[in-house]
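Have a look at the structure below before the remarks.
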Amino acid sequence: MYRKEINERSPLRVFERSIQGGLGKGNVGVVMSRAGAGKTAFLVDIALDELMRERKVLHINIDNPVEKVREFYDEIFSDLAESQKLERRERAHLVVERNRLIQTYGRESFSMDKVKEGIRLASEHMSFDPEVIIVDGWPKFSKATDDDVQELVNLAKQYNCEVWVSARARREDERDDRGIPTKISRFDSMLSVVINLEPHSDHIRLQIVKDHDNKDAASLFLELDPRTLLVKWR
Amino acid sequence: MSSKAITELDKIRNIGISAHIDSGKTTLTERILFYTDRIHAIHEVRGKDGVGATMDSMELERERGITIASAATHTEWDGHHINIIDTPGHVDFTIEVERALRVLDGAILVLCSVAGVQSQSITVDRQMRRYNVPAIAFVNKCDRSGANPARVTEQLRDKLSHNAVMMQIPIGLEADHRGVIDLVEMKALIFEGENGEKISIEEIPADLLAEAEARREVMLDAVSMFSEELMEAMLDENVTTELIHEAVRRGVLTRELTPVFMGSAYKNRGVQPLLDAVVRYLPDPTQVENTAIDLDSDESMIVDNSPDSPLISLAFKLEVSPYGQLTYVRIYQGTLSKGDSMVNVRTGQKLKLGRLARMHADQMQDIEEAAAGDIVALFGVDCASGDTFTDGKINATMTSIHVPEPVIKLAIKPIDNKASANMAKALQRFTKEDPTFRAYLDEETNDTIIAGMGELHLEVYVERMKREFAAEVTTGAPQVAYRETIRNEIAFNYTHKKQTGGSGQYGKIQGVIMPNEEADFEFESKVTGGNVPSEYISAVEKGFKSCMARGEYVGYPVVNLKFRLEDGASHAVDSSDNAFQAAARGAFREFYLQGKPIALEPVMLVSVEGPTEFQGEILATLMQRRGMVVGTTEDAGFVRIDAEVPLSEMFGYATVIRSATQGKAEFTMEFARYGTAPAEVAEELREKWLEKKAAGSN
Numbered sequence: 000m001y002r003k004e005i006n007e008r009s010p011l012r013v014f015e016r017s018i019q020g021g022l023g024k025g026n027v028g029v030v031m032s033r034a035g036a037g038k039t040a041f042l043v044d045i046a047l048d049e050l051m052r053e054r055k056v057l058h059i060n061i062d063n064p065v066e067k068v069r070e071f072y073d074e075i076f077s078d079l080a081e082s083q084k085l086e087r088r089e090r091a092h093l094v095v096e097r098n099r100l101i102q103t104y105g106r107e108s109f110s111m112d113k114v115k116e117g118i119r120l121a122s123e124h125m126s127f128d129p130e131v132i133i134v135d136g137w138p139k140f141s142k143a144t145d146d147d148v149q150e151l152v153n154l155a156k157q158y159n160c161e162v163w164v165s166a167r168a169r170r171e172d173e174r175d176d177r178g179i180p181t182k183i184s185r186f187d188s189m190l191s192v193v194i195n196l197e198p199h200s201d202h203i204r205l206q207i208v209k210d211h212d213n214k215d216a217a218s219l220f221l222e223l224d225p226r227t228l229l230v231k232w233r
Numbered sequence: 000m001s002s003k004a005i006t007e008l009d010k011i012r013n014i015g016i017s018a019h020i021d022s023g024k025t026t027l028t029e030r031i032l033f034y035t036d037r038i039h040a041i042h043e044v045r046g047k048d049g050v051g052a053t054m055d056s057m058e059l060e061r062e063r064g065i066t067i068a069s070a071a072t073h074t075e076w077d078g079h080h081i082n083i084i085d086t087p088g089h090v091d092f093t094i095e096v097e098r099a100l101r102v103l104d105g106a107i108l109v110l111c112s113v114a115g116v117q118s119q120s121i122t123v124d125r126q127m128r129r130y131n132v133p134a135i136a137f138v139n140k141c142d143r144s145g146a147n148p149a150r151v152t153e154q155l156r157d158k159l160s161h162n163a164v165m166m167q168i169p170i171g172l173e174a175d176h177r178g179v180i181d182l183v184e185m186k187a188l189i190f191e192g193e194n195g196e197k198i199s200i201e202e203i204p205a206d207l208l209a210e211a212e213a214r215r216e217v218m219l220d221a222v223s224m225f226s227e228e229l230m231e232a233m234l235d236e237n238v239t240t241e242l243i244h245e246a247v248r249r250g251v252l253t254r255e256l257t258p259v260f261m262g263s264a265y266k267n268r269g270v271q272p273l274l275d276a277v278v279r280y281l282p283d284p285t286q287v288e289n290t291a292i293d294l295d296s297d298e299s300m301i302v303d304n305s306p307d308s309p310l311i312s313l314a315f316k317l318e319v320s321p322y323g324q325l326t327y328v329r330i331y332q333g334t335l336s337k338g339d340s341m342v343n344v345r346t347g348q349k350l351k352l353g354r355l356a357r358m359h360a361d362q363m364q365d366i367e368e369a370a371a372g373d374i375v376a377l378f379g380v381d382c383a384s385g386d387t388f389t390d391g392k393i394n395a396t397m398t399s400i401h402v403p404e405p406v407i408k409l410a411i412k413p414i415d416n417k418a419s420a421n422m423a424k425a426l427q428r429f430t431k432e433d434p435t436f437r438a439y440l441d442e443e444t445n446d447t448i449i450a451g452m453g454e455l456h457l458e459v460y461v462e463r464m465k466r467e468f469a470a471e472v473t474t475g476a477p478q479v480a481y482r483e484t485i486r487n488e489i490a491f492n493y494t495h496k497k498q499t500g501g502s503g504q505y506g507k508i509q510g511v512i513m514p515n516e517e518a519d520f521e522f523e524s525k526v527t528g529g530n531v532p533s534e535y536i537s538a539v540e541k542g543f544k545s546c547m548a549r550g551e552y553v554g555y556p557v558v559n560l561k562f563r564l565e566d567g568a569s570h571a572v573d574s575s576d577n578a579f580q581a582a583a584r585g586a587f588r589e590f591y592l593q594g595k596p597i598a599l600e601p602v603m604l605v606s607v608e609g610p611t612e613f614q615g616e617i618l619a620t621l622m623q624r625r626g627m628v629v630g631t632t633e634d635a636g637f638v639r640i641d642a643e644v645p646l647s648e649m650f651g652y653a654t655v656i657r658s659a660t661q662g663k664a665e666f667t668m669e670f671a672r673y674g675t676a677p678a679e680v681a682e683e684l685r686e687k688w689l690e691k692k693a694a695g696s697n
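Structure representation (structure tokens):
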């Protein structure tokens, strides 16, 4: 298959349709799961899908060095290329690399001002204007204030892009009736989409727990293969 | 010490000492050899003074403050045999680093307590990660002003994402640095005596007790993740040192934990506890999985470390020493004995092992035999570095280390006849030692060309020629090693025909030339019905292969092509091997340019690190050089930018980055891949090539 076909046939098209055509520009989405259940993998899946259609993705990671993030992409890309028999693999890989910018921060060094400064420099020197921003390892929701979350929304609005943020859930978290931990749902009005990753013995199930203003979030027949970390049909 | 083989594998440690240039690696190595030899001398009453023992045998290395050669030195500590494999610190010598990392089982990562994690530490760490080398860290230079081991530990966590945990805290820093507190034993270690050889074990000074207790808590929390027994013991409040050591060892072996030790090698503080840690926490040869390729089945096999299995050993380093030419080998399984015959798997050559030895810091010890897991030196063995030796009972090779093609070349000219003869000797030696270093004669210009992995790489060899071989040479400007290939498939149909009295030449071939990402050169024949007699098919392959040396587009070597021969014709009298080779060359000349040729250029992974306020300036220098920024990392006021930049744009970058950042940024670079050169670069290369061709035909 060629790059474009992989895009068109990706299970993520179903995911997109299930959340009314996607997260949407200017909006913030959350991917939550327990530690080690595949948040980063799913975020990279989303990013790769965007990158393969030449949309610019800024991947922000707190705690991991650039090469680790890059290795993550390379691994998932190569699994994707292998399973989909991707033609002109090297060129597709170059498309991915050209459209992606990774910014990583030490835990103590991260701030929204720095992110904005980074985007300004990228735009000025590299003509890089992100269409999707991934924030992996965002400081804990449990400690976040309204202002912190508002900053994420502002980021999405200011640059007119989609912002995906990871959140770690714990077993002991108090949850609302949709199953969203209250430490996250207290920001409900600011978050457009919330995805939960639920680990089972041999797969990780994707659940849409909040879908914009839709009261009944669609059931999603998708899961994450824990071996390849790719999204697949259930 | 006995000249018999060491067979207690759990008593062997093959370790490397990896570090940034100025972090004091050489001093630390010297001190390690000093302390270990000292103990040794006391036991054997040899009265030998081990001072001055050094791994950096080459004069040049000391002068530049970098280590080029990777020698292996044997020493002993606490009943264990430690082979220290010297890992070159500079990234330009990638293959040497990779070779060294290949044969070692664990490493000490040395960091400067003032400068902390620098861009080169990051490169070294990247290499260690690639080879899954478990490591312990040593924060050196605690006597220097500005020393802060706690900050360096944090940087290990943040910048290198090591699960780093302090196993000690310093007693005094800078000028007051006297020793360390061992957080496992909860004792103070004060280093006394002229050379720090006397360790006085004392109670923890009262003013440090609170800090020591807090740090111990942090350490136990981190370490207990690797041992349920320890976790339970913590709940029951009966933690033992054995439980802690065992848990740390488990964490280190899986690379999930990096225990941090500290001291000052220069001031003789903290080295002995580091040696204890090497023995305690780093893996023995059986705890690391190494694979070979069984050439009979073409499948990979895990070496079994047994001294009784068929021999598999890897020559990882050639060295000229005062004792003669040495080949360092790591034995993966089986036993090597004096007088044995071995087979060089690459050449099939059989050879007899006359002499083997263990290299101590500054003396050599002849031994009778050596067994799996050990590293020894062989005498008078003719081979290239990277060759595998077996005893002939098994047909296997240690999986080859990927040898990248050289990316830069330089013409050299000897200044006189004497230099000329010496230069030949030097080049012969270097090319055997280092597969990424090449030397050849440019047939057109009659220049000797040397090629390698970077400017510094070649510079070092030019200087070694002068110093070690008295071969003084002048050098030309460095040139990038471009390549070329095609984008589109081309069908060819070509007849080679010559009739000039006597027997003529005739060969007709038809087929396809296509781009091929898989391999540099591939040939297949789909000829049926004997239209091209089978004896000439290999002539066609040979003809095509000879074309790969130089393309018709920009005159550089051609890569990534597949040739498929589909049909053809021959003549009973006039066809010959030569005629079909000529046909292949003719077809290539005539059709190659129709395949949309492109030029390929070497692209380097460049990492620049400097204060955050220079982020814009650094980005600008990279973008001006056609850089593709991969990512940026920001921490503690410093930013590191990783970018892929064409090598041709990197000449003189050291000066540029210095002036752009007031000398505050530094950079490292290593080969990443070959990438398509932009049209303007290709055009320029093509113009030069056409000029050269025109000049040649006049």
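Taken in order, these protein sequences are the chains called A and B. Note that numbering that gives the first Met the number 0 has the first sequence beginning at 0, numbered continuously upward. Note that numbering that gives the first Met the number 0 has the second sequence beginning at 0, numbered continuously upward. Note that CB positions come from ideal geometry on N, CA and C, so glycine has one too. Remember, predicted model here, so these are calculated numbers, not experimental data.
Asked	Found
Buried or exposed for Gln481/B, please, with buried defined as at least 16 other CB atoms from any protein chain shown within 10 angstroms of its CB.	A quick correction: the sequence has Tyr, not Gln, at residue 481/B. Buried, since its Cβ has 16 or more Cβ neighbours within 10 Å.
Mind checking who Asp708/B pairs with in its DSSP beta bridge?	Residue 708/B lies beyond the stretch modelled for chain B, which goes from 0 to 697, so this question has no answer here.
Relative to the alpha-carbon of Asp303/B, which residue among Gln593/B, Asn162/B, Leu242/B and Gly333/B has its alpha-carbon at the smallest distance?	Gly333/B
Please look up how many angstroms separate the CB atoms of Val102/B and Ala146/B, rounded, as I've assumed it's under 8 Å.	Val102/B to Ala146/B, Cβ: 33 Å. No contact.
With 16 other CB atoms within 10 Å as the buried threshold, where does Pro677/B fall?	exposed
Within 8 Å, do at least three Cβ pairs link the segment 592 to 609 of chain B to the segment 472 to 491 of chain B?	yes
To the nearest angstrom, how far is the alpha carbon of Ile121/B from that of Glu173/B?	25 Å
Counting only C-beta atoms, is Ile75/A closer than 7 Å to chain B at any point?	no
Within its chain, find whatever has a CB closer than 7 Å to the CB of Gly636/B; leave out the 5 residues flanking it on each side and keep chain order.	Pro610 and Thr611
Between the segment 191 to 198 of chain B and the segment 207 to 214 of chain B, do three or more beta carbon pairs fall short of 8 Å?	no
As a quick exercise: from Asp373/B, Leu294/B, Glu442/B and Thr494/B, pick the residue whose alpha carbon is nearest that of Ala395/B.	Leu294/B
Strictly under 7 Å for the Cβ-Cβ distance: is Leu120/A near chain B by that measure?	yes
Would Val27/A and Val114/A be called neighbours here (beta carbons separated by less than 7 Å)?	no
Ile18/A: which of Ser165/A, Thr227/A, Cys160/A and Val193/A sits nearest, CA to CA?	Val193/A
Find out if the Cβ-Cβ distance for the pair Ala71/B, Asn82/B is shorter than 7 Å.	yes
How would you write the range of the beta strand (DSSP E) that Gly269/B sits in, first residue to last?	Where Gly269/B is concerned, there is no enclosing beta strand (DSSP E), given that its DSSP letter is neither H nor E.
If I follow the unbroken beta strand (DSSP E) through Lys158/B, where does it start and stop?	Run containing Lys158/B: none; DSSP gives neither H nor E here.
Which value, in whole angstroms, describes the spacing of the CA atoms of Val132/B and Asn162/B?	14 Å
At which residues does the beta strand (DSSP E) containing Glu565/B begin and terminate?	Leu560 to Ala568
Any idea which residues DSSP pairs Ser199/B with across the strands?	Ile189/B
Taking its Cβ as the centre, do 16 or more other Cβ atoms sit within 10 Å of Phe220/A, making it buried, or is it exposed?	exposed
Does the beta-carbon distance from Ile61/A to Gly136/A come in below 7 Å?	yes
Tell me, please, whether the CB atom of His124/A is closer than 7 Å to any CB atom in chain B?	yes
Which same chain residues, not among the five before or five after Ile5/A, have their C-beta less than 8 Å away from its C-beta?	Met51, Leu79, Gln83 and Leu85
For Arg97/A, go through chain B and note every residue whose CB falls closer than 8 Å to its CB, in chain order.	Met627
Would you call the segment 453 to 462 of chain B and the segment 539 to 556 of chain B in contact, with 3 or more CB pairs under 8 Å?	no
Specify the secondary structure class of Ala52/B as computed by DSSP and reduced to three states.	The predicted model places Ala52/B with a pLDDT of 33, which falls under 50 and marks its position as unreliable, so this point remains unresolved.
At what residues does the beta strand (DSSP E) containing Val193/A begin and finish?	Val192 to Pro198
Based on Cα-Cα distance, which residue from Lys158/B, Ala694/B, Ser305/B and Arg685/B lies nearest to Gly372/B?	Ser305/B
Kindly indicate which three-state DSSP category Val277/B falls into: helix, strand or coil?	helix
Answer with yes or no whether the minimum CB distance from Val90/B to chain A is below 7 Å.	Confidence at Val90/B is low in this model, with a pLDDT of 49, below 50, so its placement is unreliable and no value can be given for it.
Mapping the DSSP letters down to three states, classify Pro148/B as helix, strand or coil.	helix
Chain B partners of Leu100/A, CB-CB under 9 Å?	Val628, Val629, Gly630 and Thr631
Against chain B, with Cβ distances strictly below 7 Å, would Thr144/A count as a contact?	no
Assuming Lys431/B and Ala370/B make a contact with CB atoms under 8 Å, what is their CB distance in whole Å?	The Cβ separation is near 27 Å, so there is no contact.
Can you tell me whether DSSP reads Lys544/B as helix, strand or coil?	helix
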